[in-house]
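Just so you know, the protein sequences line up as chains A and B, in that order.
Basically this note's numbering = 1-based index in the first sequence + 2.
Basically this note's numbering = 1-based index in the second sequence + 2.
Glycine included, every Cβ here is placed at the ideal spot set by N, Cα and C.
Keep in mind the model is a prediction, meaning the values are calculated, not measured.
2 protein chains.
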Amino acid sequence: MKTKWKKVIISTVLLMSTIVLASCGKSSSKDYSTTGSGAGNYQGVIHKGHYRVSKARGVNTGQNSNPYNLKSFESGLTQVSKRVFSTKSYIFQEGQYLDTNTVENWLGRKTKKNPEGLNPAQGKKSNPNPEYVQQIEEQDYMQESGNSMKLKGVTIGIGINSEYNYQKKTDGPNYTKNISNDEVHRQGEIAAQKVLKRLRQNPALKDVPIVIALYKQAPDDSLVGGSFFAYSKNNGDSISSWHDLDYKTAVLPKANGTNNSTTESNQTDNDNFSNFKSQVQNFFPNVSGVTAQAQYDGKSLTGMHITVTTQFYSQTEINSFTQYIARAAKKYLPSGIPIDIKIQSDSQMQSVVYRNNGSDKWQTHIFESY
Amino acid sequence: MKTKWKKVIISTVLLMSTIVLASCGKSSSKDYSTTGSGAGNYQGVIHKGHYRVSKARGVNTGQNSNPYNLKSFESGLTQVSKRVFSTKSYIFQEGQYLDTNTVENWLGRKTKKNPEGLNPAQGKKSNPNPEYVQQIEEQDYMQESGNSMKLKGVTIGIGINSEYNYQKKTDGPNYTKNISNDEVHRQGEIAAQKVLKRLRQNPALKDVPIVIALYKQAPDDSLVGGSFFAYSKNNGDSISSWHDLDYKTAVLPKANGTNNSTTESNQTDNDNFSNFKSQVQNFFPNVSGVTAQAQYDGKSLTGMHITVTTQFYSQTEINSFTQYIARAAKKYLPSGIPIDIKIQSDSQMQSVVYRNNGSDKWQTHIFESY
């Protein structure tokens, strides 16, 4: 082969490689995709094939002695976000601006070493100041812009304690200070103002709308989490105005004589649930446990999570019980709201009967095994 | 009031009471109802408001060291029954004719004290005869007849061990005897003939069709249960003929190099599942575990139970992961068969994605909390 032709071939090969590499670069330059949409739910951001996890991942899991406060805080925060950022126009991203260190410092008490602590200094050990701020979570709301995702809004949830548990001496008896509703509101608003100001100092967060939502934590022994009571949508660095939220959570059936604000529930709802419960609990010779978490918006029941616990002795018992529960649910439980019924034994879920949000059809699924 | 009128009134009142009482008797004489029907499932018998549980309730739960053998035996027995007793014409009742004592005696070894034991005498302790028969279950199939339910058929499942574990000395090392496929079949047929003859001695079971189904138990360390390999439908007191069943169970992904009959699975199914698995397992920075139980009828995959285990750090992670899995399931998993995907952390189920038998639509449900 002549040298001239060799050169041409080599340059052609080189040119082609460059084109191939360039197009590779282009096709992989769209690094973002989403988890796919579900009815009324946000799509989530996937970056280079991996889910983009929170920069403060896991902080709140260590922050809640009552696991119901953790789950309900996070579900509730998404519920509040939907009021401002439509699931059709925005894509959800786990918080990328508050990292583990920052959130842990903010959740601490204010000391010389930790000037950023949102909770007051301890004061006297025999009569300490309560820790008010219990958890903080950031959610980012994005929109696609060419090949990348652009931040278009942030939601911050702040969980405020309704009681403070402490010991006067290490290993001494436990004491509890109740924190009044007014104080929960006041402390939430104070923390919100500080948080907003600090976020605005980050250039990336200078101009996006920041929603701050305030959550009242349930007591440690509650069988249902707390609820959000206010939110504000802010464009500047001071809180614009608060919108009241009237969410309440309750445990059903209502214990006789309980009548405090966090467990308040409509008498009719409670009666309906009690009818459902008595239909279900004597199905087997052994009694089944039947309890529910309920959520209210104002006086309207907006959803229920029911748990039925019993001892099963065969798969056929599970099948029959599940059918029976599906029938009882249709007959006794309120229509038009999302409800799920977990049917379990030994804390293992055996089947589920549910009606999703926006649907009028009950679904049943039994967990079998080959 | 005249005595005559008094008498008339009294007799009228008595007569009316009799009528009322009689009609009370009548209205409560229909003591039976059912659990309600589900698509392709049997209704179950409810008697006076309570589920009619098995007379041998709970015997099999103590009988299986491997819990997968228990669930798969019971689900599989119902699957076999559906071949003979249509879900449209028959109502399911838990077994009422074999009681706890009887089943426990039958499952024992044959001794002087227990002449009814279906398993051979122990023989030498250093080289014992295997126990072949591991579990027995009765299912009754009923039809409504006026105000009561009438027995129209019985199905008996018999589980035969594929291996026998024993110790030569108490607390000594464990030994295992493998039981060949031929021997499993042979022992199953021997036990079936004895069981059929004994059942026919009960006047209530003299004339109904009795289906006997034989199940090969999976080894104790298997991650999937065994499967049914034959059944017979009998009108007399000796086995008429055996129909082969070609069910097989397998665990996916298939471990490299495994190639025995109980874990045999189609290579394409395994590849599809591996694609699904690699899509899912690197979603989070922490790796997720993805395994499946598969059932085959001959060479056709007939269903899968998939379990995805990972550590979640927030409710939003659960929501995003569930959406992503639903999308991957549509893309990678085979169509036309029932599949469920349990998504769990710390052995607690967080959500489920499934397609039921006969449906072409994937369903998603996330377990939230208030």
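Handout entry: C-alpha gap between K332/A and E76/A, whole angstroms
Key = 29 Å
Practice task
Could you check the C-alpha separation between G60/A and D209/A for me, to the nearest Å?
Solution key: 28 Å
Problem - Chain-order list of residues whose beta-carbon lies under 7 Å from that of L72/B (same chain, five-residue window excluded) - result: N62, T63 and N66
Problem - Bridge-paired residues (DSSP) for A232/B - result: L216/B and D246/B
Practice task
Output, in chain order, the set of chain A residues within a Cβ distance shorter than 7 Å of M351/B.
Solution key: M351
Exercise for the section: In the DSSP assignment, find the unbroken beta strand (DSSP E) run with N176/A in it and report its ends. Expected result: N176 to N180
Exercise for the section: Kindly list the residues whose CB is nearer than 7 Å to the CB of H245/B, restricted to its own chain and excluding five residues on each side of it in sequence; keep chain order. Expected result: A232, Y233 and S234
Handout entry: Whether Q136/A touches G161/A by CB criterion (8 Å)
Key = yes
Practice task
With a threshold of 16 other CB atoms inside 10 Å of the CB of N43/A, please say whether the residue is buried or exposed.
Solution key: buried
Exercise for the section: Look at S276/A and T251/A and say whether their C-beta atoms are less than 8 Å apart. Expected result: no
Problem - Per-residue burial, Q295/B [other beta carbons within 10 Å of its own, 16 or more giving buried] - result: buried
Problem - Cβ-Cβ separation, G51/A to T37/A (assumed contact under 8 Å), whole Å - result: With a Cβ gap of about 12 Å, T37/A and G51/A do not count as contacting.
Problem - For N149/B, three-class secondary structure by DSSP - result: coil
Problem - Neighbour flag for S371/A against chain B, beta carbons, 8 Å - result: yes
Problem - Meets three-Cβ-pair contact criterion under 8 Å: the region 277 to 284 of chain A and the region 313 to 321 of chain A - result: no
Problem - V22/A - DSSP class collapsed to helix/strand/coil - result: Interpretation of V22/A is limited by its pLDDT of 41, a score under 50 that renders its predicted location unreliable; no figure is taken from the coordinates.
Exercise for the section: Please classify N288/A: is it buried, with 16 or more other beta-carbons within 10 angstroms of its beta-carbon, or exposed? Expected result: exposed
Handout entry: C-alpha distance - T126/A paired with Q219/A, whole-angstrom precision
Key = A small fix is needed here, since residue 126/A is Lys in this sequence, not Thr. The straight-line gap from Cα to Cα measures roughly 24 Å.
Exercise for the section: Within the same chain, show all residues whose beta-carbon is closer than 8 Å to that of N262/A, passing over the 5 residues directly before and after it, in chain order. Expected result: Residue placement at N262/A is poorly supported in this model, since its pLDDT is 44, which falls under 50; the coordinates still yield a value, given next. Cβ within range, chain order: n/a, list empty.
Exercise for the section: Can you give me the Cβ contacts of D362/B inside the same chain, cut-off strictly under 6 Å, excluding the 5 residues immediately before and after it? Expected result: none
Exercise for the section: Determine the DSSP secondary structure at N103/A, reduced to helix, strand or coil. Expected result: helix
Handout entry: Coarse secondary structure for L225/A, derived from DSSP in three states
Key = coil
Exercise for the section: Let me know if K256/A comes out buried or exposed under the rule of 16 or more other beta-carbons within 10 Å of its beta-carbon. Expected result: buried
Practice task
On a CA-only basis, which of D33/A, V292/A, I345/A and S302/A is nearest T270/A? Give me that one, please.
Solution key: S302/A
Practice task
Answer with yes or no whether the minimum CB distance from K50/A to chain B is below 8 Å.
Solution key: no
Handout entry: Rounded C-alpha distance that separates Q189/B from N163/B
Key = 9 Å
Problem - F94/A versus I48/B: straight-line alpha-carbon distance, rounded - result: 48 Å
Exercise for the section: Pick out whichever of V156/A, L100/A and Q203/A has its Cα sitting closest to the Cα of F87/A. Expected result: V156/A
Problem - chain A within 8 Å of N321/B, Cβ atoms only - result: yes
Practice task
For R85/B, go through chain A and note every residue whose CB falls closer than 7 Å to its CB, in chain order.
Solution key: The premise fails here: R85/B is roughly 16 Å from chain A at the closest Cβ pair, so nothing lies under 7 Å.
Practice task
Report yes or no: is there a C-beta of chain B within less than 8 Å of the C-beta of V55/A?
Solution key: yes
Exercise for the section: Quick one: measure Cβ to Cβ for G159/A and A215/A, integer angstroms, because I've assumed they're closer than 8 Å. Expected result: 5 Å
Handout entry: Three-state secondary structure (DSSP) of T366/B
Key = strand
Practice task
Return yes when the Cβ of I181/B is within less than 8 Å of the Cβ of Y168/B, no when it is not.
Solution key: no
Practice task
Starting from S224/A, find everything on chain B with Cβ-Cβ shorter than 8 Å and list it in chain order.
Solution key: Chain B residues near S224/A: none, gap ~11 Å exceeds 8 Å.
Handout entry: Nearest-angstrom Cα separation, counted from Y326/B out to S147/A
Key = 22 Å
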